[in-house]
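Visitor: Here's a structure for you.
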Amino acid sequence: MAVQFFVPHELGQTAFAELLNWGRIVAAFALVLGIQSLLRTHIEKIRRQREDWHYSAVAIAAFVLMVVIGIGFGHGEGSGFDWLFRHVQVPLDATMFALLAFFIASAAFRTFRARSTEATLLLVAAIIVMLGRVPSTLLVIFGDTGAGQWLHATMPDVSEWIMNFPTVAGKRGILFGVALGSIATALRIILGIERSHLGGGGGGE
C-alpha cells in the first residue's frame with residue numbers, strides 16, 4: 072500500500088484497491104471482536120462485583136439501548152437515536168473533554184518548565200500559539216496601546232506560521248516513526264516472532 076504512492080502504476084493501483092477491500096472486511100470482523108471484548112470485560116466486572124461495577128452496568132445498558140434504537144427505529148434526523156446522540160452523548164463528550172483540560176493543564180505545567188533549550192523553545196512556541204488563537208487576550212494584557220494593537224494584528228500570523236511549518240515538519244517525522252514501527256510490529260506478528268497478541272507472555276526469541 073505504501074509502494075503505490077511512489078510507483079503510480081496501474082498494477083499498484085489495482086493492488087491498493089484490493090487491499091482496501093480486504094481492510095474493510097478485516098475491520099468488520101475487528102468490530103465484532105471489539106464488541107465481544109467490551110461486553111465480556113464489563114460482564115465479568117459486574118459478575119465479580121469489582122470496584123465501580125455499576126459503571127459497567129450503565130455502559131452495557133447504554134450500548135444495548137443505542138443498538139436497539141438505531142437498528143429498530145432508524146438513525147435519521149429527528150429519530151430517537153439522533154436525540155440520544157445529540158442530547159446525551161454530545162454533552163457527555165463535552166464534559167469529559169472539559170475535565171481532560173485540567174489534566175492537560177497540569178501536565179503542561181510540569182512539562183513546560185524551561186530546564187533546557189528544547190523545553191524553552193517548546194514553552195515559547197506554546198505561548199505564541201495560544202495567544203495567536205485568542206488574540207483579544209493581548210488587548211487585555213497590554214491594553215489598547217500601540218504595542219497591544221501590533222501584537223493583536225501580528226500574533227495570529229506568527230501562530231499560523233508555527234502551526235504550518237515547524238509543527239508539520241515535526242509531525243511528519245513522528246508519523247514516519249509510527250509507520251515504521253507499525254510495519255515492524257506487523258512483520259513480527261506475521262512471521263510469528265511476536266506472540267503477545269495471542270494472550271501469551273512477551274515476544275518470541
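Quick note on the working numbering: the sequence shown kicks off at 72 and runs consecutively.
Cβ atoms here follow ideal geometry from the backbone N, Cα and C, with glycine treated the same way.
Predicted model only: the values in this text are computed from it and were never measured.
From residue 218 to residue 109, what does the alpha carbon distance come to, in whole angstroms?
Guide: Approximately 56 Å, taken between the alpha carbons.
Visitor: Do residue 152 and residue 141 have their C-beta atoms closer together than 7 Å?
Guide: Contact flag set, yes.
Visitor: For residue 190 and residue 233, which I take to be in contact (beta-carbon distance under 8 Å), what is that distance rounded to the nearest angstrom?
Guide: Not quite, the Cβ-Cβ distance comes to about 16 Å (not below 8 Å), so this is no contact.
Visitor: In the DSSP assignment, the alpha helix (DSSP H) including residue 113 goes from what residue to what residue?
Guide: Run containing residue 113: 81-118, per the alpha helix (DSSP H) assignment.
Visitor: What residues in its chain sit with their C-beta under 7 Å from that of residue 150, if we drop five residues either side in the sequence?
Guide: These residues qualify, in order along the chain: 144.
Visitor: Taking only beta-carbon atoms, is residue 123 less than 7 Å away from chain D?
Guide: Chain labels in this structure do not include chain D; a single protein chain is all it has.
Visitor: To the nearest angstrom, how far is it from the Cα of residue 235 to the Cα of residue 200?
Guide: Taking the straight line from one Cα to the other gives about 11 Å.
Visitor: By how many angstroms is the C-alpha of residue 159 removed from the C-alpha of residue 132?
Guide: Distance between the alpha carbons of residue 132 and residue 159: 14 Å.
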